[in-house]
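Q: Residue numbers (this note's numbering): 26 to 317. Note that CB positions come from ideal geometry on N, CA and C, so glycine has one too. Quick one: structure below, then a few questions.
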Ligand SMILES: [Zn+2]
C-alpha cells in the first residue's frame with residue numbers, strides 16, 4: 026500500500042502500515058541517509074530493497090529519531106551505515122530494547138496497545154538482532170552527505186528524553202519523530218516528559234518556516250500550523266497536570282479528571298509521570314491567624 030513520497034530534491038518519506046510509522050530517505054553525492062528503520066529485520070530488509078528502487082547510493086548513515094522499537098530495531102540490517110542517535114536514546118535502546126524483546130517472548134500477544142499487530146510480527150520483534158548505536162551526541166550533530174548536509178538536533182525532552190529532529194535545510198524538511206503525531210494523539214509512555222514537552226515543541230516551532238514540511242513519527246506529513254495546534258494541546262495537558270497538582274489533587278483524583286484535549290486512557294502515563302516529577306501534592310491550607 027505504501028510508496029515513497031518525494032518531499033523535495035532527493036528527499037523522501039515512506040509511510041508503513043504496521044504501527045503507521047514513517048521512514049525518511051535523504052540522498053547526497055556521498056551516499057544516502059535513512060531516518061528510522063522500522064521494527065524488525067524483515068521490515069528493514071524491505072526498506073533497503075525499496076531504497077534501491079530510488080537510488081544506487083549506498084546507505085551510509087542511519088539516524089534514529091528516538092529509541093522506540095518501531096523506529097530502531099531495523100538498525101542492524103543497515104550494515105554499511107554508521108548509526109546516530111542522541112545519547113539518551115542510545116542508552117535507552119541498549120537498556121530497554123532487550124527488555125521489550127523479553128516481554129514479547131513472555132507475552133506473545135496480541136499486545137493490547139497494538140491490537141492490529143499479529144503475534145507473529147511481535148515474535149519477529151522479539152527475535153530481531155539489536156546493535157549498539159555507533160555515534161551519539163548531546164545536542165547537535167551535522168552529517169555531511171557530500172553536496173548537502175543534514176542536521177540532527179535535540180531540543181529537549183518530550184516524547185522521550187532522547188528525541189531528535191532531523192533537518193534537511195536545503196528542502197525545508199523536518200523529520201520530528203514522535204514529538205509530533207498525525208494519525209493518533211501524541212504518545213505519552215512511561216518514559217515521556219509531559220511537563221517539558223510543550224517547551225521542547227515550542228523550540229521546534231521556532232525553527233519552522235510557514236512552508237516547512239514536517240514529517241511526524243506516525244501519519245501524514247504536516248505543516249507548521251498543525252504543529253502549533255498540537256503544541257497547544259500538549260501545553261493544555263501540562264498545565265492541567267500542574268494545576269491539579271497545585272490544587273492538592275491526589276494522583277487518583279487527577280486520573281479521574283475528565284477535561285483533557287485527548288481521552289484520559291491516552292494520558293494516564295502523562296499524569297503519572299507529571300506527578301512523579303512534582304512529588305506528593307500538599308493539601309492547600311487556609312492562612313492561619315498569626316499570634317496576637
Ligand atoms: Zn513511534
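1. Taking the alpha carbon of residue 176 as the reference point, which residue from 299, 269, 87 and 63 has its own alpha carbon closest?
2. Any idea if residue 26 is buried or exposed, counting beta-carbon neighbours within 10 angstroms, 16 or more meaning buried?
3. Indicate whether residue 85 and residue 115 have their beta-carbon atoms separated by less than 8 Å.
4. Taking the continuous beta strand (DSSP E) assigned at residue 84, which residues delimit it?
5. Around the Cβ of residue 254, are there at least 16 other Cβ atoms within 10 angstroms (buried) or fewer (exposed)?
6. Taking the alpha helix (DSSP H) that residue 113 belongs to, which residues open and close that run?
7. Going by the DSSP bridge assignment, what does residue 29 pair with across the sheet?
8. Among 148, 75 and 155, whose alpha-carbon lies nearest the alpha-carbon of residue 121?
9. Considering only residues of the same chain and omitting the five flanking positions on each side of residue 237, which have a CB-CB separation below 8 Å?
10. With residue 199 as the anchor, note down where its beta strand (DSSP E) starts and where it stops.
11. Hey, could you find the ends of the beta strand (DSSP E) residue 243 is sitting in?
12. Using the three-state DSSP reduction, which class does residue 308 fall into: helix, strand or coil?
13. Buried or exposed: residue 240, going by 16 or more other Cβ atoms within 10 Å of its Cβ?
14. Just to be sure I understand the criterion: a residue counts if its Cβ is closer than 7 Å to at least one heavy atom of ligand 1. Which residues meet that?
15. By Cβ distance, which residues of its chain are closer than 7 Å to residue 230, with the 5 residues on each side in sequence left out?
16. Enumerate in chain order the residues of its own chain whose CB-to-CB distance from residue 33 is below 8 Å, with the five nearest sequence positions on each side excluded.
17. From which residue to which residue does the beta strand (DSSP E) around residue 162 run?
A: Result, derived from the coordinates:
1. The residue given as residue 176 occupies position 151 in the chain shown. Of 299, 269, 87 and 63, the residue nearest in Cα terms is 87.
2. As a working note, residue 26 is residue 1 in the chain shown. Unreliable positioning characterises residue 26 in this predicted model, as indicated by a pLDDT of 46, which lies under 50. A coordinate reading is not provided.
3. By 1-based counting over the chain shown, the position of residue 85 is 60. By 1-based counting over the chain shown, the position of residue 115 is 90. Their beta carbons are not under 8 Å apart, which means residue 85 does not touch residue 115 by this criterion.
4. As a first step, residue 84 is located in the chain shown; it is residue number 59 there, counting from the start. Looking at the DSSP string, the run of the beta strand (DSSP E) that includes residue 84 is 84-88.
5. Indexing the chain shown from 1 puts residue 254 at position 229. With fewer than 16 Cβ atoms within 10 Å of its Cβ, residue 254 is classed as exposed.
6. Here the question's residue 113 lines up with position 88 in the chain shown. Element bounds for residue 113: 112-131.
7. As a working mapping, residue 29 is identified with position 4 in the chain shown. DSSP output for residue 29 lists 39 as bridge partner(s).
8. As a working note, residue 121 is residue 96 in the chain shown. Residue 155 is the option with its Cα nearest to residue 121.
9. As a working note, residue 237 is residue 212 in the chain shown. Cβ within range, chain order: 197, 198, 199, 248 and 249.
10. The residue you call residue 199 lines up with position 174 of the chain shown. Element bounds for residue 199: 198-206.
11. By 1-based counting over the chain shown, the position of residue 243 is 218. First-last of the beta strand (DSSP E) with residue 243: 238-243.
12. Looking up residue 308 in the chain shown gives position 283. DSSP places residue 308 in the coil class of the three-state scheme, outside both helix and strand.
13. Reading the chain shown from its first residue, position 215 is the one you call residue 240. Residue 240 is buried by the Cβ-count criterion.
14. Counting every residue whose Cβ lies closer than 7 Å to a heavy atom of ligand 1, we get 44, 46, 93, 95, 96, 203, 212, 242 and 243.
15. One-based indexing of the chain shown puts residue 230 at position 205. For residue 230, the CB contacts under 7 Å within the same chain, skipping 5 residues up- and downstream, are 249, 252, 253 and 256 in chain order.
16. On the chain shown, residue 33 is found 8 positions in, with the first residue counted as 1. Excluding residues within five positions, the ones whose Cβ falls inside 8 Å are 193, 195, 196, 197, 198 and 238.
17. Within the chain shown, residue 162 is the residue found at index 137, counting from 1. Start and end: 160-162.
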